[in-house]
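Asks: Right, I'll just put the structure down here and ask away after.
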Amino acid sequence: MKLSATLETAFNAQITLEFQASLVYRQLAIELELMDLSGIATWFRHQADEELLHAHRFIDHVADRDNHPRIGAVEAPQVPVASVLDAFEAALAHEEKVSESIRGLYRLAEAEGDLDSRPLLNWFLEEQIEEEATVKEIVGRVRMINEDGPGLLRLDEELGARPAPAPEAR
Numbered sequence: 011m012k013l014s015a016t017l018e019t020a021f022n023a024q025i026t027l028e029f030q031a032s033l034v035y036r037q038l039a040i041e042l043e044l045m046d047l048s049g050i051a052t053w054f055r056h057q058a059d060e061e062l063l064h065a066h067r068f069i070d071h072v073a074d075r076d077n078h079p080r081i082g083a084v085e086a087p088q089v090p091v092a093s094v095l096d097a098f099e100a101a102l103a104h105e106e107k108v109s110e111s112i113r114g115l116y117r118l119a120e121a122e123g124d125l126d127s128r129p130l131l132n133w134f135l136e137e138q139i140e141e142e143a144t145v146k147e148i149v150g151r152v153r154m155i156n157e158d159g160p161g162l163l164r165l166d167e168e169l170g171a172r173p174a175p176a177p178e179a180r
């Protein structure tokens, strides 16, 4: 079943937002690399890669429904970062923005009676709960560390051990 024009536009907006999220994480990786925290930078790069996988899931859904996926204008990320805490708070704010966008997409699909989008959107709702929880936990830990050098270095080592996301099977 083809998506309505309204849903196609909304899904394409989500695709664009996922690419934006990838760029936000990529910029945060740059900022942390400049702070000589290469492990945390690696964590942010992996997160950027995961956001691209999310964009592709939406692209595939739109294309599979005989609609035309389109990437809209993606703005350069503005994420002023003076500390590790700033970086993770920026990440959390962006995850919350993505979560709200997905909830809005879900509500729109429900209003239009589009049952075929439910499996994808249910997956993303669960994914966003996990994403926000992960970043909130890191924010809490960074607050406990409070810019303590040895604590930051330990967190840097731990987050740097995060494996790269595996490509998702179509």
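Heads up: the sequence shown is residues 11 to 180, going by my numbering.
Think of the CB as a built atom: it goes at the ideal place given N, C-alpha and C, for glycine as much as any other residue.
Because the structure is a prediction, the values reported are computed rather than measured.
Closer than 7 Å by C-beta to E106: which residues in its own chain qualify, once you throw out the five before and the five after it? Chain order, please.
Replies: Here the set comprises E142.
Asks: On the premise that I50 lies in contact with D158, defined as a C-beta separation below 8 Å, what is that separation, rounded to the nearest angstrom?
Replies: Actually they are not in contact, since the Cβ atoms of D158 and I50 sit about 14 Å apart, beyond 8 Å.
Asks: Classify H78 as helix, strand or coil using the three-state DSSP reduction.
Replies: Note: H78 maps to coil in three-state DSSP.
Asks: Taking 8 Å as the threshold (C-beta atoms), are T52 and G182 in contact?
Replies: Shown here, the chain extends from 11 to 180; a query on residue 182 therefore has no answer.
Asks: Run the CB neighbour count on L115, radius 10 Å, all protein chains shown included, and call it buried at 16 or more, exposed below.
Replies: By the 10 Å Cβ count, L115 comes out buried.
Asks: By the 10 Å Cβ neighbour count, where 16 or more other Cβ atoms means buried, how is A179 classified, buried or exposed?
Replies: A caution first: A179 carries a pLDDT of 49, below 50, which makes its placement in the model unreliable, though a value can still be read off. Classification of A179: exposed, given that the 10 Å Cβ count is below 16.
Asks: Applying the 10 Å Cβ sphere with the 16-neighbour rule, what's the burial state of N156?
Replies: When all chains shown are included, N156 counts as exposed.
Asks: Less than 8 Å between the CB atoms is what I'm expecting for A100 and L38, so what's the real figure, rounded?
Replies: With a Cβ gap of about 6 Å, A100 and L38 count as contacting.
Asks: A103: which of F134, L42 and Y35 sits nearest, CA to CA?
Replies: Comparing Cα positions, the closest option is Y35.
Asks: Whole angstroms are fine: how far does the CA of T26 sit from the CA of E137?
Replies: Answer to the nearest angstrom: the Cα atoms are 18 Å apart.
Asks: Just how far apart, CA to CA, sit L95 and L135?
Replies: Cα-Cα distance, rounded: 26 Å.
Asks: Just the C-alpha distance for I69 and M154, rounded to the nearest angstrom, thanks.
Replies: Taking the straight line from one Cα to the other gives about 40 Å.
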